[in-house]
Structures are given as C-alpha cells and as structure tokens.
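J.: One structure follows; several queries about it will come next.
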Amino acid sequence: MPMTNRSLFHYNQAMHDYFQAYKRYGDYQLRQMFAGSLRHALSYYQADYLITYIPTSDKHYQQRQFDPVVGLFGDLCSLETLLKRNAIDWHQSTLKRSERLKAPQIFIAQAATLAKISKSKILLVDDIYTTGTTLRRAGAALRTAGFIGKIESLTLAR
C-alpha cells in the first residue's frame, strides 16, 4: 500500500538554517516556532489516526538531550511510541540518495504495542522528508509487525 505524505513547508535555505539551529546546536526553544501550523495540520488526523513518530537514534539523543520530532509534535498531540531504531553508526544526512535507498532497515515496530491498537489508521510524523526512505522503512516495519490499516505521514518540511 502506498503511503501519502503531507509536508507543510518547502525545505529551503531558511528551513536549513532553522534545522541547523534546532537539531545541530540544540536550541530546543525553536520547537515552538511552527506549533500553530503543526497544530492545524494535526487537527485533520487526531480523531481517526493513532499518531506515532520517527524516533531519533540513541546516539543523537545523547548528543542533543532531546528527540527533535517529539519536540515538534509532543506538546501538540498524543504520540505513541511504536518504532525503535536499530543501532546505526552512520548519520543519514551524510548519505547520498542512492546510499539511503540501499541502506538496511533501521526500524523495529513494537509488535506488542501495535497489537493493542484499536484504530485502523496510523499517522507517522517526522521533521524532514528528504527521499521518503525513512518513512517508507518505518511503514514497512509497521507492516512486518502485523499492521494492515492505512498509514500516512506528516512532515514539517520537504
């Protein structure tokens, strides 16, 4: 089943600068900059979808002391933790498109949690849509764990 993605903004130089300050330099207060736009977008999904997120790696969490996607969305909706990242030693932003597409599966879905879900739709939220590989792999992990419903995604920028 194909996954539909909705991105709120184009990734341009201003967005690059925002993410550099927010993620690389750890300016956690910047998480609120797009809260109004994200809240409005989420309002279309909250009643019918279980909302989960693309988790940051343990390494990046230790460096930043926060998960940037949870920072963006966590105050705006109820986020379920359905995915866990495998340990990886490479930073995705350093990979070329062809390398990202060939990279191994990096997600494991929490099958026990997934089995308790009563909703038939999942919304995956993430910060940036680059090639779509991350979201497709997350969706594949949910399918492997047994989810057969609709999966869509929402990102801040593409």
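According to full-length UniProt numbering, numbering within the sequence shown proceeds without interruption in unit steps and concludes at 158. Cβ coordinates follow ideal geometry from the N, Cα and C atoms, glycine included.
1) Return the chain-ordered list of same chain residues with a C-beta closer than 7 Å to the C-beta of Asp67, the five sequence neighbours on each side being excluded.
2) Using only alpha-carbon positions, find the residue among Lys119, Ser120 and Arg137 that is nearest to Lys102.
3) For Thr131, which residues from the same chain have a beta carbon less than 7 Å from its beta carbon, with the 5 sequence-adjacent residues on both sides left out?
4) Per DSSP, what are the beta-bridge partners of Glu99 in this structure?
5) Please report the straight-line C-alpha distance between Thr4 and Cys77, rounded to a whole angstrom.
6) Bridge partners for Ala111 per DSSP, in chain order?
7) Which runs of the alpha helix (DSSP H), 4 residues or longer, sit entirely within the UniProt domain "Phosphoribosyltransferase" (104-155)?
8) Which residue from Leu79, Arg31, Tyr53 and Ile108 puts its Cα closest to that of Thr144?
9) Provide the residue(s) that pair with Lys23 in DSSP beta bridges, ordered along the chain.
10) So for Ser43, helix, strand or coil by DSSP?
T.: According to the structure shown:
1) Hits under 7 Å: Pro55, Thr56 and Tyr61.
2) Answer by Cα proximity: Arg137.
3) Here Thr131 has Arg97, Arg100 and Leu101 as same chain residues with Cβ atoms under 7 Å from its own Cβ, once five neighbours each way along the sequence are excluded.
4) The partner list for Glu99 (beta bridge, DSSP) is empty, contrary to what the question assumes.
5) Rounded to the nearest angstrom, the two C-alpha atoms are 20 Å apart.
6) Here Ala111 is not bridged, per DSSP, to any residue.
7) 111-115 and 133-144, all fully within the UniProt domain "Phosphoribosyltransferase" (104-155).
8) When only C-alpha atoms are compared, the closest one is Ile108.
9) In the DSSP output, where bridge partners are listed per residue, Lys23 has none listed.
10) Coil at Ser43, not helix or strand.
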